[in-house]
Each structure stands twice: as C-alpha cells, then as structure tokens.
Amino acid sequence: MQAGHACHHESAANVIKLTYTKYMDQLSSRTFSGRIGTYNKKNKLSKLLFEMTTANFEDVNAIAQFIKSKVDLTPEVGIICGSGLGKLADAVQNSKVLAYRDISGFPQSTVEGHKGNLVFGTMGDKKVVVMQGRFHPYEGYSNHQIAIPIRVMKQLGVKTILASNAAGALNRQLKLGDLVMIKDHIYLPGLCLNNVLVGKNEDRFGPRFPAISDAYDPHLRLLFKQIAEEQHVSDAVQEGVYVFCGGPAYESIAECKMLLMMGADVTGMSTVPEVVVARHCGMKVFAVSLITNISVMDYGTKQAANHDEVLEVATKRTELLQRLFEELIKRM
Numbered sequence: 066m067q068a069g070h071a072c073h074h075e076s077a078a079n080v081i082k083l084t085y086t087k088y089m090d091q092l093s094s095r096t097f098s099g100r101i102g103t104y105n106k107k108n109k110l111s112k113l114l115f116e117m118t119t120a121n122f123e124d125v126n127a128i129a130q131f132i133k134s135k136v137d138l139t140p141e142v143g144i145i146c147g148s149g150l151g152k153l154a155d156a157v158q159n160s161k162v163l164a165y166r167d168i169s170g171f172p173q174s175t176v177e178g179h180k181g182n183l184v185f186g187t188m189g190d191k192k193v194v195v196m197q198g199r200f201h202p203y204e205g206y207s208n209h210q211i212a213i214p215i216r217v218m219k220q221l222g223v224k225t226i227l228a229s230n231a232a233g234a235l236n237r238q239l240k241l242g243d244l245v246m247i248k249d250h251i252y253l254p255g256l257c258l259n260n261v262l263v264g265k266n267e268d269r270f271g272p273r274f275p276a277i278s279d280a281y282d283p284h285l286r287l288l289f290k291q292i293a294e295e296q297h298v299s300d301a302v303q304e305g306v307y308v309f310c311g312g313p314a315y316e317s318i319a320e321c322k323m324l325l326m327m328g329a330d331v332t333g334m335s336t337v338p339e340v341v342v343a344r345h346c347g348m349k350v351f352a353v354s355l356i357t358n359i360s361v362m363d364y365g366t367k368q369a370a371n372h373d374e375v376l377e378v379a380t381k382r383t384e385l386l387q388r389l390f391e392e393l394i395k396r397m
C-alpha cells in the first residue's frame, strides 16, 4: 500500500471513530425517546449508529411504564397476530387499544395485514394483550428493535406468549388452511451469527446462553390438540418444524427442496426471533402456523406464492383459530 493511501485510510478511520464517539456521548445524555427522535431524522450515519446500539433494560422498562400509565391492566398472556390474523383481537372483552405510533420507542408496522395496535382486555378469565402486527427483519428492523415488544410484554407481566403466523407448506401432507403447531424450529439467520440475542447481554432479561431445545411448551401443544379434537377439527390441526427465512422474497424452488430435506415442514418470515427472546425472558411459548400457501417445488408449474393469497386464506381461517385460542387461554 502506498504511503498516501495509508494516510488517507487512517484519516478516514479516525474521522469515523471520532464521529461515533461523539454520537455515543450524545446518546448517553438523552432519553430513549430522544434516540428515536434522532433516528427518525433519516440521517444515514445516525441510523447506522442507532442500529448498532442495544435497547437496554431501562429503555424497555420506560416503555412499559408509559403503557402502564395508559392501561390499568396487568396481562398474563401475550398474543402475537400474524399476517391477516389481526381479527383475533375481536375476541378481547373490555378492550383498550393503544396504537404503536402513540408509544414512544415502539417499532411501527409497515406490512399489509398488520394493523399496528396493542389491544388490552380479557379473554375468559385471563387478562391479555394482543399485538395486532409484528415486526420483521425484512422491514429494515434490527434485532434489538424486534426484541423490544416481547421484552416490554415481559415487563408488563406476561408469562405466556401465544404466537400465530401465516406460513408456506413444505411438507406435502399439509393443506391450505391447516393449523400447524410448531414443535421446533430452524433459525437460519441465527446459525450465521444473526441471532436476535447477539450483542451485549442484559442479565435482567435472561442468561447469556439460553437453552432453546424446549422452546415450544409441550403441555400447551397437547392441550391445543385436545381442544381441536373436542371441537371436531382435529383433521385441520397438525404438528411440525418451522424454518425461519429472512424474506421478503419467497423461497426459490431449490431452496424449498433444501429446507424440506433439512427437516422443515413449514416456512415463514417471523416468529422465531420472538420465540427466542421470549424464552430468554423465561416466558412459556405456544406457536401455530396457518398454512396460507403451498411452497412451489415443481419447475413446470406457473403457480407462485403471493401476499394476497396469504391474506385471503388467513381471513377465512381466523374464526377457527380465534375459537381454539379462546378455549386454550381459558384452560391454561
């Protein structure tokens, strides 16, 4: 390397280092909402540096305290609605709605079929909070931003997470409209050092190295299956392995074949990061995938997955999933 080039690179590195140090000093003297304000100015450097920071315990607790000041209810169960499944919140009694946009520091939904509300109330004799809309890496959210809602729910008092999602079927035994209880997952980004827990660990949330082998509660899966049998819909309820892919493009034919060979039954673009965060926080988890499309594995077909199909199937099946969730919550 020539001397001139070496000096140029060293100078550039020093500028970046000084800028980063100055910016972090400014962050340390501001509130979390101040950080969000800076982030929203769309300054590219500010955005990059913001995403490099991790929301700490105090930040999450501040959001939880704000919500508590608006809602006089301590939820035991947190429900996460997948694409097109936001109507699950219709089953909530005495509901109180908080829009994400009104909660400083809370991410915002950008995908069709995700309303962007927290709905508080009761289902049966249980106090619940429903997330009408979740957050995905493909929207541009960093791992720590995706973790915020789950950690906030933990701070609000939630002990059990019930998650739903729209998914594509890899296993050819599955049909459109089937409900697949997730018994395990394959976290592809997590295997490549993009796990949602990467970064400085906050011991008040959970341990540095959490076990995930028992992520999906077997008792809740058994209970859900029993309820389906009692309601004569057991043919529509299956069990399988969910593989998390980043999206937003649907998987190629070759990728679908590979995922099936790896042992996956269904594929989707959500849920797993939330589950990992929930287990890190010590919460129980039950998750179910609604099959809204059949993954394409035939090079000769003109069939292709699309989001409109996902929303259409989800709308038709919401009533059944709502009924099963209501009964599950009653018996928990």
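Going by our numbering, the sequence shown opens with residue 66, and the numbers climb by one from there. All C-beta atoms in this analysis are idealised placements derived from N, C-alpha and C, irrespective of residue type, glycine included. Keep in mind the model is a prediction, meaning the values are calculated, not measured.
GLU304 - partner residues in DSSP beta bridges: Residue numbering aside, residue 304 sits at position 239 when the sequence shown is read from its first letter. According to DSSP, GLU304 bridges with MET246.
Determine the DSSP secondary structure at PHE270, reduced to helix, strand or coil. In the sequence shown, the residue the question calls residue 270 occupies position 205. DSSP places PHE270 in coil when its eight states are reduced to three.
Taking only three categories from DSSP, how would you classify TYR252? Position 187 of the sequence shown, counted from the start, is the residue given in the question as residue 252. If DSSP states are grouped into helix, strand and coil, TYR252 belongs with the strands.
Helix, strand or coil: how does DSSP classify GLN197 here? For the purposes of this step, residue 197 is taken as residue 132 along the sequence shown, with counting starting at 1. Correct three-state label for GLN197: strand.
Quick check: the stretch 259–275 against the stretch 173–190, are at least 3 beta-carbon pairs closer than 8 Å? Verdict: no, contact absent.
Do the stretch 361–378 and the stretch 343–353 meet, that is, are 3 or more Cβ pairs less than 8 Å apart? no
Unbroken alpha helix (DSSP H) run spanning ALA329, endpoints: Your numbering for residue 329 matches position 264 in the sequence shown. It is not in any alpha helix (DSSP H) - ALA329 carries neither H nor E in the DSSP assignment.
Could you pull out every residue in the same chain whose Cβ sits closer than 6 Å to the Cβ of HIS372, ignoring the five residues on either side in sequence? For this step, residue 372 is matched to residue 307 along the sequence shown. Correct list: empty, nothing qualifies.
In three-state terms, what does DSSP make of ILE277? Reading the sequence shown from its first residue, position 212 is the one you call residue 277. When DSSP states are grouped into helix, strand and coil, ILE277 belongs to the coil group.
Following the continuous alpha helix (DSSP H) through ASN208, name the residue where it begins and the one where it ends. Numbered from its first residue, the sequence shown carries residue 208 at position 143. Residue range 208–221 is occupied by the alpha helix (DSSP H) that includes ASN208.
With a threshold of 16 other CB atoms inside 10 Å of the CB of HIS284, please say whether the residue is buried or exposed. Along the sequence shown, one-based indexing puts residue 284 at 219. Under this definition HIS284 is an exposed residue.
Using DSSP with H/G/I as helix, E/B as strand and the rest coil, what is VAL378? In the sequence shown, residue 378 corresponds to position 313, counting from 1. Helix at VAL378.
Return the chain-ordered list of same chain residues with a C-beta closer than 6 Å to the C-beta of ILE215, the five sequence neighbours on each side being excluded. Taking the sequence shown and counting its residues from 1, the one referred to as residue 215 is at position 150. So the list reads GLU339, VAL342 and ALA343, once near-sequence residues are dropped.
Checking 8 Å against the spacing of the C-beta atoms, do LEU163 and VAL136 come in under that value? Reading the sequence shown from its first residue, position 98 is the one you call residue 163. Reading the sequence shown from its first residue, position 71 is the one you call residue 136. The answer is yes: Cβ separation under 8 Å.
For ARG286, tell me which candidate among ALA319, ALA276, VAL337 and GLU304 has the shortest Cα-Cα distance. Within the sequence shown, numbered from 1, the residue matching residue 286 stands at position 221. Comparing Cα positions, the closest option is GLU304.
Where GLN387 sits in the DSSP three-state scheme: As a first step, residue 387 must be located in the sequence shown, where it is residue number 322. Here GLN387 sits in helix by DSSP.
Reduced DSSP secondary structure (H/G/I, E/B, other) of PHE171: Within the sequence shown, numbered from 1, the residue matching residue 171 stands at position 106. It is coil, neither helix nor strand.
Find out if the Cβ-Cβ distance for the pair PHE171, ILE213 is shorter than 8 Å. As a working note, residue 171 is residue 106 in the sequence shown. As a working note, residue 213 is residue 148 in the sequence shown. Between PHE171 and ILE213, the CB-CB gap stays under 8 Å.
Mind the definition here: the stretch 196–204 touches the stretch 319–327 only if three or more C-beta pairs lie below 8 Å; say whether that holds. no
Looking only at its chain, what residues have a beta carbon closer than 6 Å to the beta carbon of GLU204, apart from the 5 residues adjacent to it on each side? Mapped onto the sequence shown, residue 204 falls at position 139. Counting only Cβ-Cβ distances below 6 Å, and skipping sequence neighbours, we find THR175.
Distance check for VAL298 and PHE131, CA to CA, integer angstroms please. Numbered from 1 along the sequence shown, position 66 holds the residue referred to as residue 131. Numbered from 1 along the sequence shown, position 233 holds the residue referred to as residue 298. Answer to the nearest angstrom: the Cα atoms are 41 Å apart.
Among SER134, ASP300 and MET334, which has the Cα closest to the Cα of ALA314? Within the sequence shown, the letter at position 249 stands for residue 314. Selected option, being the one with the closest Cα: MET334.
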